[in-house]
Each structure stands twice: as C-alpha cells, then as structure tokens.
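A quick write-up on the structure given underneath.
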Amino acid sequence: MRSSGDTRSNSLRNIGLIVRREYKNRVTQRSYIITTILFVLFSLVASCVPTVIQFFAARSNSQSHITIVNNAGTTADLSGDRLLQYFNSNLNGSTSNGAQIPGQQASQSKGTPHFALRVDTSTPISQLQKDVKDGKLDVLLVLDRTANKDVRFTYYTASASLSDTDLTQIQTTAGQLSVLDKSSRLGLSPTQTQNLLAPPVFNVVYTQKGSGNDSLISLAGGYFLGVIGTVLIFMAVYLYGMWVAGGVADEKGNRIMEILVNAATPFQLLWGKIIGIGAAGLTQMVCLVGAGIIGLLLQGPLSAVLQTGGTLFNLSYIHTSTTLLLLLLVYFILGFLLYSTLFAALGALVKRQDEVQNAVGPLTALCMVGYMASFIGGSVAPGATWFKIMSFVPFWTPTMMMMRVATNTVSSWEIALSIGILLVSIVICAWISARIYRIGILMYGQKPGLRQIVRLLRQ
172 MRSSGDTRSN SLRNIGLIVR REYKNRVTQR SYIITTILFV LFSLVASCVP
222 TVIQFFAARS NSQSHITIVN NAGTTADLSG DRLLQYFNSN LNGSTSNGAQ
272 IPGQQASQSK GTPHFALRVD TSTPISQLQK DVKDGKLDVL LVLDRTANKD
322 VRFTYYTASA SLSDTDLTQI QTTAGQLSVL DKSSRLGLSP TQTQNLLAPP
372 VFNVVYTQKG SGNDSLISLA GGYFLGVIGT VLIFMAVYLY GMWVAGGVAD
422 EKGNRIMEIL VNAATPFQLL WGKIIGIGAA GLTQMVCLVG AGIIGLLLQG
472 PLSAVLQTGG TLFNLSYIHT STTLLLLLLV YFILGFLLYS TLFAALGALV
522 KRQDEVQNAV GPLTALCMVG YMASFIGGSV APGATWFKIM SFVPFWTPTM
572 MMMRVATNTV SSWEIALSIG ILLVSIVICA WISARIYRIG ILMYGQKPGL
622 RQIVRLLRQ
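The working numbering applies: residue 172 is where the sequence shown begins, and numbers increase by one.
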C-alpha cells in the first residue's frame, strides 16, 4: 500500500515530466524560434528608434539662413555685431534663464549651428524680399520702430508650414529683445533686467498617501513602467493562454489525450501543461525584455556613432525599485496562472483546435476590459474610486493593480489584499477547471452548454 508521501512524490514526478515535455516541445518548434527572434529584433529596433529618428531629423534639418536688417537703431544697447551676437547666442545657444543679457555670453550648441545669421546694411529690402521668394534666403528679419518707439519685428519667409519651429524660436528671442529694449529706455541696469526676466522657481510635487513626494519626471517614468508591465501581462495572459487552450484541443483532437490519461491524472496533465507552457512563455518574455534593455543601453554609443548630439537615455528617468519589479513578476505569474487554468478548461470542451478561438472569446473580452481600463485609469484618474474597486476584481487585478503600483496610488495592504484575492481565485478556478478538464478531455460529442458544465461541476 502506497503512503501519502509516495503518492505526492509520484504526482510531482509526473508533473515534472509533463512540464519538461511541454517546455521542450514548445521551445523547439520552428514557429516559437522564429517568433522569439522577431520579438528580440522588434524590441532592439523599437528601443533604438528615438536615436535613429534623431539622426535622420538632424540630417534633414539643414541650416536656416537668416538675414537681419536693423532699421530700429540701437536696440537694448545693441547694434551691429553685438546685435548679431545676441541673436546668435539665443538661437544657437542657451543661457540659464533663456534670455541673453548684454555682455553675457551664451554657450554654443555642439556641431554646426542650425541658424546661419548675418546682418545686411547695404542690400535693399525689396531685393532681400525677392531672395526669400526665390528660395535664396530662408528668413528675412527686419527691425524698425513703431510710433511709440517700441521695436517692431517683421518676419519674411517662403515657408507656409503651421509648425514652423524656426518662427517660434525667433519670436521668443524677439520678445526677450523687446523687453530688454524697453528696460534700457526706462533706465534699468543689465542686472536689474536680468532679475526682471528671471523665471520664478516653480516645482511640481505629487504627494500620494502612504508614499513620498515624486517629481513630474518620476511620475511619468512610473506611468511608463506601468504601461510596459500592463502590455507584458496582457500579452502573457492572451498569447500563452491561447497556447494552453490550443495544446489541449490539439491533443484531444488527435486522440493523444486517451493515451496520456493512462499515464497521469487529469490534474497532473493540467498543471504540467500550464507550467510547461508558462515557462516557455516566460523564456520568450525574458528575451523580449532583455533585448529592450540592451537596446536602450546601446542608445548612448549609437548616438555617439551617428553624432546626433541628442540627450542620452538615462535609466534614472524611470522611477523603479526592487519592490516594483518584483510585483511586476508576481502579477505576471499570477495573472497567467489564473487565466491559463480557464483557458485549459475551455480548450478541453471543444472538439477541434479551430473551435478554440470562439470558445475563449468571452474570456478574452473579460481580459480586454481590464486591459483598457488600466490605460484609462492610469492616465486620467489613477486614484479614482472606480479604478480602485476594479483593481480588486481578480480577472483585472494583474493589469490594473500593476498600473496603480507604478503610479504610486496604492498602499501596502491593498497590494497584499490583491495578491491574496488572486491566490484564492487561482485555487477556485483551478478546482473548477480540473473538474471540467477531467471530464471534458474525453468528451468527443457535441460541445457542452452552460447547463451541462454546471452539471459536470456537481458530479
């Protein structure tokens, strides 16, 4: 007579054998290998897209040639070369407060400056206007005075684009010069003018209950990580859940299931298939995430090679912690286990693999509700009551709670409660699925309806 320990050991051994079989069969399939390679390539390319776009934008963004005609006389104590230096410093460089004060140098931007500036004092304005019209000159900027002696700027260009960034930059610089000119005529010193133009210190701090204070960058980084986690969890639930359902239906359709049930119990078959396919899916996800991280880290060297001169990727922009990454893994695994048990049960109820899509339709729709609500709530109202309530529904917890954690709108007890609810739900769904699976895998007649399923559960 076998002891309970021997029975448990034999059960674990059978599950382990099934796990290895499912994992090996899945990862050695040509479709799996090709899909994994495509995932890795897509992740690498997608992570490098910002740097590549920056490279092509820099190549297509040729110099903008601007001619300045000053008919306003001395403006803000500037004229001639000093006025040209002012425009060059503000348009091709930057200062601490965004305004160039007479006598103060601005740091020049790296590489070739975008604006090629010159002051023209001899060519008639009509000829310069014709040069703009003929495309020989990009911009003509004329300075003169109004009746009130205020400086006036006239901007001539052949470009009719509504998103003219050059115009925006020149307007900003012209506005600063106008303020400087008025300050000079009022007798203010350069230091007084600098203090007048200095922007106020304005910090935005988001304070959440039970957490520290976060800057806007940290909040945006948290939302970014929440989006990534939500997408990964949804992909795992749907894609790998379909693998489970399809695998069960395929074995049932090929009559392989009749052989398997003689070597292992339906419970062992169920969990062996779920864990084996889940491990294969997790392997694919690790490759996907790893390739994305490598691609992000390569943006620095890639930017240096392409000489884009752009801002390098900094991992500190993303508000992450060990706890956050651990919870991502926990919700990832628990979400897959919850849905895969139901996918397996539904796969056992169909006769052929081509019927799986229709059978899992309601379950897919249920998962999609939480997926969409995660984005809506995370971006619009992460602290809303409806979002909190929905995040405790076990079918929506993995995606919605992940978004709440990433946006710092959840307390520790809520996280613990959600994990507890998920674990209890997995046990209940596993019990229900095991009973359906035990009988459904050997049913080859008409697909049972809801009443028949309820009757099966009562047996």
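Glycine included, C-beta positions come from ideal geometry on N, C-alpha and C.
In this text the structure is predicted, and so the values were computed from the model without any measurement.
Might you give, ordered along the chain, the residues of its own chain that have their beta carbon closer than 6 Å to the beta carbon of residue i, omitting 5 neighbours on each side?
i	result
Q271	Model confidence at Q271 stands at a pLDDT of 39, short of 50, so the residue's coordinates are unreliable; what they give is reported in the following sentence. Result list for Q271: Y257, S260, N261 and A277, in chain order.
F484	Unreliable positioning characterises F484 in this predicted model, as indicated by a pLDDT of 49, which lies under 50. The coordinate reading is nonetheless provided below. Excluding residues within five positions, the ones whose Cβ falls inside 6 Å are L467 and Q470.
L188	none
Going by C-alpha to C-alpha distance, which of the options sits closest to residue i?
i	options	result
G244	T568, T343, T556 and R356	R356
A166	I237, N181 and G397	A question about residue 166 goes unanswered here, because the residues of the chain that appear run from 172 up to 630.
N263	V240, A247, A287 and S250	A287
K423	V527, F213, V457 and Y502	V527
S297	F563, V240, A369 and V372	V240
L594	M571, L359, Q234 and P565	P565
L459	R197, T207 and R191	T207
V456	T246, T401, S354 and F210	The identity of residue 456 in the sequence shown is Met, whereas the question assumes Val. Per the Cα distances, F210.
R522	S214, A420, Y409 and I592	The sequence given here has Lys at residue 522, not Arg. For K522, the nearest C-alpha among the options comes from A420.
T512	T339, N366, V551 and R609	R609
Q234	T325, M406 and T336	T336
K559	I445, R253 and M572	M572
F395	N579, G461, D525 and T294	N579
K320	S349, P569, L338 and S202	S349
A345	A475, L254 and L496	L254
I590	V501, P472, W414 and T494	V501
Q340	R192, R323 and H285	H285
How is the beta strand (DSSP E) around residue i delimited, first residue to last?
i	result
R323	V322 to T328
Which residues share a DSSP beta bridge with residue i?
i	result
F286	S235
D315	R323
V240	V313
Can you give me the start and stop residues for the alpha helix (DSSP H) that residue i sits inside?
i	result
E585	S583 to G611
S250	No alpha helix (DSSP H) holds S250; DSSP gives it neither H nor E.
G554	Segment: none, G554 is in no alpha helix (DSSP H) and carries neither H nor E.
V303	I296 to K304
N529	V527 to A530
W442	P437 to L468
K353	T336 to R356
Q200	Careful: Q200 lies outside any alpha helix (DSSP H) and carries neither H nor E.
L367	P361 to L368
T568	T568 to A577
Please list, in chain order, all residues of the same chain as residue i whose beta carbon is under 7 Å from its beta carbon, the five residues on each side excluded.
i	result
Y194	G447, A450 and A451
L333	Residue placement at L333 cannot be trusted, given a pLDDT of 44 that sits under 50; the coordinates are not used to answer.
With residue i and residue j assumed to form a contact (beta carbons below 8 Å), what rounded beta-carbon distance in angstroms separates them?
i	j	result
F563	L588	7 Å
C600	L505	Rounded, the Cβ-Cβ distance is 11 Å, inconsistent with contact.
M574	G611	That pair is no contact at about 35 Å.
Identify, in the order they occur along the chain, each residue of the same chain with its Cβ nearer than 8 Å to the Cβ of residue i, setting aside the five sequence neighbours on each side.
i	result
L517	A416, V527, A530, V531 and L534
N185	A434, A435, T436, Q439 and G443
G274	Reliability of the predicted coordinates at G274 is poor, the pLDDT of 38 falling under 50, and the value obtained from them is presented with this limitation in mind. Excluding sequence neighbours, G274 sits near P361.
Y327	L299, Q300, V303, V310, L311, L312 and V313
S604	L441, T512, L513, A515 and A516
T364	I272, V350, L351, S354 and S355
L367	V350, S354 and L359
V290	T238, I239, V240, N241, G251, D252, L254 and L255
G463	S214, L215, A217 and S218
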